[in-house]
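What the sequence shown shows, in UniProt numbering, is residues 1 to 966, in sequence order.
C-beta: ideal position from N, C-alpha, C; glycine also.
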Amino acid sequence: MTEVELLTTFQDVAIVDEVTIIKDKASLWCRSLDQDLGSSESGGGEQAAMSAAAAASNVEFIRSRSDKREYRRVVLPNALECLLISDSDTDKAAACMEVGVGSFSDPEGLEGLAHFLEHMLFYASEKYPGENDYSKYMIEHGGYCDAYTYSETTTFFFYVNAANFEEALDRFAQFFIKPLMLQDAVLREIKAVDSGSCETLETKPKERGLDIRQELLKFYENYSANLMHLVVYGKESLDCIQSFVEHMFSDIKNTDQRSFKCPSQPLSEEHMQLVIKAIPISEGDYLNISWPVTPNIHFYKEGPSHYLSHLIEHEGEGSIFHIIKELGNLLRAHAMISEHMEDIIGLVFKYILLLKENGIHEWIYDELVAINETEFHYQDKVHPISYVTDIVTTMQSFPPEEWLVGASLPSKYAPNRINMILDELSAERVRILWESKKFEGTTDSVEPWYSTAYSVENVTPSMIQQWIQKAPTEKLCIPKPNIFIPKDLSLKEAHEKVKFPAILRKTPLSRLWYKPDMLFSTPKVHIVIDFHCPLTSHSPEAVISTSLFVDLLADYLNAYAYDAQIAGLFYSIYRTSAGFQVSVGGYNDKMRILLDAIMKHISNFEVKPNRFCALKETAVKDYQNFKFSQPYYQASNYLSLILEDQNWPWVEKLEALSKLEPDSLAKFIPHLLSKTFLECYIQGNIEPNDATSIVQEIEDTIFNTPKSVFKSMSPSQYLIRRVITLENELKCYHQIEGLNQKNENSSVVQHIQVHLDDALSNIKLQLFALIARQPAANQLRTIEQLGYIADLYVRSDRGVRALEIVIQSTVKDPSYLDARVDEFFKMFENKIHELSDKDFKRYVKSLIDSKLEKSKNLWEESDFYWAEIEAGTLQFDRGRSEVSLLRELKKEEFIEFFDQYIRIGAPQRKTLSVQVFGGKHLAEFKKAIAEADAPKTYRITDIFGFKRSRPLYRSLKGGPGRMTMD
């Protein structure tokens, strides 16, 4: 067992109200919501609802200090409970409806019906009968819609441009009033959802004489207003939003249904003291240890599970996580996988015993209270869709005044409650799930839905006691006080208004871009240090060596920096195509402490052979698992391999990784760092002189120490990965077998290369994608039923913009799918040419509204500016400049663009089709590769020979008017 993967698993050993149940002898893992074991039943009736509505507007919501939005609780006469949110600054409006009906409510023998109903509600309603008009409306008005089915709830949500909110909300409301669910739509969606739906919702019901549409309509009767909670977020006043809601949602029927409820703990003694051994598809082992515990909802203000999960999940020195890392180092060469499992479980129980022996510490609880309060009161504003989907989950379980906070602010120290939960983490109540390829040939059961092989064995307390006695003990301890908790949350004064990032400092070693926070008034900062090292990508060996170097850096930092993450400081270190990048963000008070530690780790880096072996093994399995990725993902990977120079096949990287040894990595790192330039960006609550001193300190740490291997880089060595130029009027295609022939899915990705970043061309391509996306999905997915995954979007590779369509299918092979994509473009040509002036203006306005959307927080703004710096485009006012062009764009210009670049046979159409043949289409693959090339097509059999034959687009980090190193 790879111990790093075990460690990743153990980040999830949180003490949550999680249960494991056995259903029909199949292992079915599901999360039991807190209210299962004691919250009051939903119900009521109109009289109770109307009396509640009378006091609806008097709720005093607990909110963060920085929250300027207005809130109102409303209960409609049909018992639908609503939260209304007015935000005068928002560009997007959103709504979310949670229905207290989920997959646990599926009728016997009709498993999947709740999820299927979720899909069918999107199709059409009596008021809006056009099929898929709801999704079409959202896409065409800068929006998005989706839904998901959980065990006890189904949640529907959307967002849209604020100006289009009223009609979007009305369309949404019809889901719950009069959906159509026509017979032919029902039968088509059964085939489209996934491969399992036909058996469970068509074949088996027919054998029992059931009409699935009638069963669907019968199940829809569970959708009663008294089981629903609605959150609505708009730009309008609360009174206006309330009028929308009362008018649109009052017709939802209240049939006084009862929500799904477990009357008692669903796990009996026979379900505990078990180890479930299952065989996964992918490489690598997974270990999950869980206990059923008293739901936290009963004492959320005390937060006992929060206290215990903080300690058990901790990754600092003395934690379970940290000791497992050392355990893996010691046992790697000497122990079998079963010994790992026993040692780890013993270690977990030993730590639980340590917590019992040491007692509950009030100072730890006080730290968590301080962290949670700071996080709540200085929370970043998020997208309305994220906000409404988060809040709706609290409405069923918490009193209205606590809807905005939920269980996130425990404040009552109650050691007896913590000890109660701690006592429930016993050997008598444990359940263990262990997934490993090691169990092949030893299991005795197969679950029916995914054919997963598994077996169930007993694990007794006496066995666990033996494991406890074997486990290491000397280094286990509770965390030390957290030095990263911010104390100074004051705001720095910006002495002059700065609209865009500017170069604040430049030396032969680095360049600093800086922008103070002018919008968000938050005590936070975002810092990016981009190490440009041109030797990082020149070979597969260089790529995997740089990746492992970065992985080791993160690994070495983890124990120290984990406290920073808990306290609201976040960092990432990752490889880029031109080197590696360090990004840190969060409260500025203790930021320099963390950044200094990161830079010292980089400067003093050395290869530790034991950690090298552990992380190498994990990396090898990650590469091996690429074989099990979905065909559409494999196709996208091959596409990037074809398009980008200095991009290497995964098999070559895996081979290089397999041969890599600690000493060869140690020799490579000085070579890598011998040519380095630092591109730095600092934005937020920080003054210019502090930003300058940070970069000066980094230079001193990195370049100016006696033993430093870092050396400056000359401008001529500043290299950027570039993209090949495809040929006009030629369709290139690459056909290949899927790497996992057990996966029946095939996929095609058709890539239409259009232009290098240019404002006018950008808006034309984006406008076409806006117009075509929903019709493409409707034609290819819904009407032709080619596959559940069917999408159209704009893609950018190093600034080279393209239109892309992806389909994944079990019903047709990729050659057929590719031909149907072509047919869609031929069919859609008439729609573009016949586009009315009214529709054209409507689409243009929708795209303008989306481009004028303001950043909601510091991270969104800084990510946008950094992306412009990193790409070399420096179009900091990109949105407004493109809006100006959109307002002047003529329909005739747009149609000319389509005719020139996109339509089939266009003189500048450059097409690349990557086709991955799954296990069901092997015969079609053999036939396809034997066929001669059609006119104006070219089969790519030698990817690298093809790449060498093609010219490259110029880099955006060079040329006239562009940023250079000079």
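Neighbourhood of residue i by C-beta distance below 6 Å, restricted to the same chain and skipping five residues each side
i, result
"residue 400", "59, 73"
"residue 142", "161, 846, 849, 850"
"residue 815", "928"
Cβ shell of residue i (< 7 Å), same chain only, five flanking positions each side left out
i, result
"residue 302", "410, 412, 414, 417"
"residue 628", "281, 282, 740"
"residue 648", "540, 543"
"residue 820", "780, 784, 786"
"residue 906", "899, 900"
"residue 398", "406"
"residue 47", "Any reading at residue 47 needs caution, since the residue's pLDDT is 40, under 50, leaving its predicted position unreliable; the model's value is listed next. Around residue 47: no qualifying Cβ."
"residue 43", "The predicted position of residue 43 is uncertain, since its pLDDT is 40 and thus under 50; a value taken from the coordinates is nonetheless stated next. If we look at residue 43 and ignore the five residues flanking it on each side, its Cβ neighbours are 226, 256, 258."
Check whether residue i and residue j have beta carbons under 8 Å apart
i, j, result
"residue 721", "residue 646", "yes"
"residue 548", "residue 615", "yes"
"residue 771", "residue 802", "no"
"residue 473", "residue 350", "yes"
"residue 137", "residue 159", "no"
"residue 120", "residue 201", "no"
"residue 273", "residue 515", "no"
"residue 443", "residue 277", "yes"
"residue 467", "residue 346", "yes"
"residue 702", "residue 602", "yes"
"residue 91", "residue 853", "yes"
"residue 430", "residue 323", "no"
"residue 318", "residue 476", "yes"
"residue 146", "residue 157", "yes"
"residue 361", "residue 483", "no"
Distance between residue j and residue i (C-alpha atoms, nearest Å)
i, j, result
"residue 833", "residue 96", "37 Å"
"residue 255", "residue 223", "8 Å"
"residue 78", "residue 252", "7 Å"
"residue 471", "residue 326", "12 Å"
"residue 800", "residue 953", "8 Å"
"residue 242", "residue 406", "23 Å"
"residue 106", "residue 212", "13 Å"
"residue 486", "residue 904", "59 Å"
"residue 469", "residue 564", "33 Å"
"residue 305", "residue 385", "28 Å"
"residue 153", "residue 393", "9 Å"
"residue 434", "residue 340", "12 Å"
"residue 639", "residue 731", "14 Å"
"residue 204", "residue 805", "35 Å"
"residue 579", "residue 571", "17 Å"
"residue 666", "residue 707", "15 Å"
"residue 6", "residue 245", "Note on residue 6: pLDDT 32, under 50, position unreliable in the model; the coordinate value appears next. So the two alpha carbons sit approximately 49 Å from each other."
Residue interval of the alpha helix (DSSP H) (run including residue i)
i, result
"residue 364", "362–377"
"residue 650", "650–659"
"residue 251", "Neither: residue 251 is in no alpha helix (DSSP H) and is coded neither H nor E."
"residue 613", "609–624"
"residue 896", "891–901"
"residue 455", "Here residue 455 belongs to no alpha helix (DSSP H); instead the beta strand (DSSP E) covers 453–458."
"residue 862", "858–871"
"residue 679", "Where residue 679 is concerned, there is no enclosing alpha helix (DSSP H), although the beta strand (DSSP E) it sits in stretches over 677–684."
"residue 590", "Per DSSP, residue 590 belongs to no alpha helix (DSSP H) and is neither H nor E."
In DSSP terms, what residue i is bridged to
i, result
"residue 134", "Beta-bridge pairing links residue 134 to no other residue."
"residue 234", "86"
"residue 915", "735, 748"
"residue 820", "Answer by DSSP bridge pairing: none, since residue 820 is not bridged."
Boundaries of the beta strand (DSSP E) in which residue i is found, first to last residue
i, result
"residue 532", "524–532"
"residue 756", "746–756"
"residue 580", "579–587"
"residue 505", "502–506"
"residue 809", "800–809"
"residue 176", "Counting along the chain, residue 176 falls outside any beta strand (DSSP E), and DSSP gives it neither H nor E."
Sequence-distant residues of its chain with Cβ nearer than 8 Å to residue i (five each side left out)
i, result
"residue 947", "642, 645, 724"
"residue 717", "534, 675"
Contact with chain C by residue i, beta-carbon distance below 8 Å
i, result
"residue 187", "You won't find chain C in this structure, because it holds only one protein chain."
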